[in-house]
Amino acid sequence: MQLDPSTSLRSARDDKRAEKTTEILKKIRTLEIKTRGLVETAFAGDYHSVFKGRGMNFEDVREYQPGDEIRAIDWNVTARMGNAFVKKFTEERELTVMLVVDVSASGNFGSTTQSKRELAAEVACLLAFSAIRNNDKVGLLLFTDRVELFIPPKKGRSHTLRIIREILFFGPQGRGTEPGLALDYLNKIVTRRAVVFFISDFQAPDFSRALAVSGRRHDFIAIHIQDERERSLPNVGIITLEDAETGEQIEINTADRKTRTLFTDLVTGFETEL
């Protein structure tokens with residue numbers, strides 16, 4: 512009996528797909544288990560307290576009473592009425608959480624068993640599961656030197672699992688990093704005020720203008736992802752450092768203490784600017 516080569520190829524492809532699916536499910540499940548304890552214990556009480564006073568809707572004004580905060584005074588109404596009035600707000604019970612994640616080539620670096628991208632996925636997983644536990648919407652924006660993927664905010668476990676899957680396994684087209692472009696896109700497409708977690712190693716050009724706009728429109732929290740070896744060099748002699756995004760290489764002698772000190776000083780300066 513002669514085998515059809517196309518049948519064998521299809522079978523091999525199906526086997527590969529099945530292996531990949533199993534790998535994806537296993538990795539997501541591992542992340543879910545790893546972060547569940549934090550979501551249900553240590554992080555649970557902090558989640559909404561972090562955003563206390565944010566996401567407030569104006570309701571009405573009332574006369575000032577001793578103990579009211581000065582910053583709550585409505586100066587326009589106070590001027591008209593001749594007495595001090597304060598603004599009354601109601602807190603939005605539902606938050607919209609946006610995860611903006613850098614998936615540029617520099618995220619593939621990792622001096623241990625975990626890459627920066629995998630660490631970013633863990634952080635995002637913790638935030639995403641915390642969001643659904645509190646019945647909040649969560650969305651995703653992946654970027655490099657372009658916007659790679661946008662998933663609108665929604666609720667639900669299956670939606671959250673899709674977000675985690677994309678962070679872990681999405682294959683970006685770009686290699687560089689342009690945070691400003693990603694934030695410009697976010698500011699245009701997410702019109703409702705959101706809590707934005709910006710997860711990146713921030714090895715990128717200046718994006719202060721777009722950041723200032725985002726800071727006015729949204730509650731913005733930056734999370735700096737970094738590998739230990741990006742902060743200090745080991746004393747191992749001559750090594751070649753390569754920029755994962757541009758391919759540019761430089762050879763340095765790590766046995767030279769001045770070189771190691773200069774490297775550490777440069778990193779410290781970069782972190783201070785951040």
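Numbering (my numbering), first residue to last: 512 to 785.
In this text, a Cβ means the ideal position worked out from N, Cα and C, and glycines have one as well.
Sub-8 Å separation of residue i and residue j beta-carbons
i, j, result
"Thr-688", "Asp-613", "yes"
"Leu-744", "Arg-771", "yes"
"Ser-719", "Ile-736", "no"
"Ala-705", "His-729", "yes"
"Ser-622", "Glu-756", "no"
Given residue i as reference, the closest of the options once Cα atoms are compared
i, options, result
"Leu-652", "Phe-708, Ile-736, Ile-643, Ala-723", "Phe-708"
"Leu-610", "Ala-693, Val-724, Leu-777", "Ala-693"
"Ala-583", "Gln-576, Met-592, Val-597, Gly-593", "Val-597"
"Thr-701", "Pro-663, Gly-685, Glu-580", "Per the sequence presented here, residue 701 reads as Val, with Thr not at that position. Closest by alpha carbon: Pro-663."
"Ala-632", "Glu-574, Glu-741, Gly-593, Arg-676", "Arg-676"
"Ser-617", "Thr-779, Val-724, Glu-759", "Glu-759"
"Asp-571", "Pro-683, Lys-599, Arg-628", "Lys-599"
"Leu-638", "Arg-657, Ile-732, Ala-590", "Ile-732"
"Gly-691", "Arg-644, Phe-681, Ala-723", "Ala-723"
"Ala-590", "Thr-671, Glu-574, Leu-697, Gly-682", "Glu-574"
"Glu-741", "Asn-764, Pro-716, Phe-781, Arg-727", "Phe-781"
"Glu-659", "Arg-644, Ile-763, Leu-697", "Leu-697"
"Pro-577", "Asp-585, Asp-776, Ala-595", "Ala-595"
"Ala-642", "Thr-783, Gly-667, Phe-620", "Gly-667"
Range of the contiguous beta strand (DSSP E) that encloses residue i
i, result
"Asn-594", "Unbroken run through Asn-594: none, as it is neither H nor E."
"Asn-764", "760-764"
"Phe-709", "706-711"
Residue i - DSSP class collapsed to helix/strand/coil
i, result
"Ser-669", "helix"
"Ser-622", "coil"
"Phe-680", "helix"
"Val-588", "helix"
"Asp-470", "The shown model of the chain, from 512 to 785, leaves out residue 470, and the question about it has no answer."
"Leu-649", "The sequence shown places Val at residue 649, rather than the Leu named in the question. In the structure shown, Val-649 sits in a strand (DSSP, three-state: E or B)."
"Phe-781", "helix"
"Asp-776", "helix"
"Leu-694", "helix"
"Glu-741", "helix"
"Glu-534", "helix"
"Arg-820", "Summary: the structure shown does not reach residue 820, with the chain confined to residues 512 through 785, and so no result is reported for it."
"Leu-610", "strand"
"Asp-767", "coil"
"Val-724", "helix"
Cβ separation of residue i and residue j, assumed to be a contact under 8 Å, to the nearest whole Å
i, j, result
"Ala-721", "Asp-695", "5 Å"
"Asp-656", "Gly-682", "Rounded, the Cβ-Cβ distance is 15 Å, inconsistent with contact."
Range of the contiguous alpha helix (DSSP H) that encloses residue i
i, result
"Leu-638", "627-644"
"Ser-617", "No alpha helix (DSSP H) holds Ser-617; DSSP gives it neither H nor E."
"Ala-733", "Unbroken run through Ala-733 is the beta strand (DSSP E), 730-735; no alpha helix (DSSP H)."
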